[in-house]
Amino acid sequence: MSGWLDNWRRRHRHPVSLGLHLLAIPMLPVAGVLVIVQLIDGAWALWWRPAGLFALSYLLQCIGHRLEGNDMGEVILIKKFLGRPYVAVSPRFSDVNAERRSDGALTP
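Numbered by our numbering, the letters in the sequence shown go through residues 27 to 134 in order.
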């Protein structure tokens, strides 16, 4: 888990992008729970609430990645599948002079 979190943190260094992600990511499971609750209650006429949360979450994350200067994770997966180039870490935040320690962490 630490390696995954380190990778995620390396891809989200811009403070506004990080803030947007910290706000947006929890919206996804909330939207999922809201779908289940509304289905159980028979309130599917309110479908726009979870759909809106879902869309807002991805919009905020997209804005964050635009500020960051890199591609979203889902976009990276699609580009990898299609054999297209992608930007995982923004060039302005890339660790070009960093070296990996034996424990896998990056050193400046």
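Backbone N, C-alpha and C define an ideal beta-carbon position, used for all residues, glycine too.
Tell me which residue opens and which closes the alpha helix (DSSP H) that Ala50 is part of. Pro41 to Ala50
Segment limits, alpha helix (DSSP H) that includes Pro111: That residue, Pro111, is in no alpha helix (DSSP H); it is neither H nor E in DSSP.
Might you give, ordered along the chain, the residues of its own chain that have their beta carbon closer than 6 angstroms to the beta carbon of His91, omitting 5 neighbours on each side? Same-chain partners within the cutoff: Met98.
What separation, rounded to the nearest whole angstrom, lies between the Cα atoms of Ile51 and Asp32? 17 angstroms
Taking one C-beta from the region 70 to 80 and one from the region 52 to 59 each time, how about it: are there three or more such pairs within less than 8 angstroms? yes
Three-state class that DSSP yields for Asp97 in the structure shown: coil
Take Pro111 and list the residues in its own chain whose beta-carbon comes closer than 8 angstroms to its own, dropping the five residues that flank it on each side. For Pro111, where only same-chain residues beyond five positions count, the Cβ hits under 8 angstroms are Lys105.
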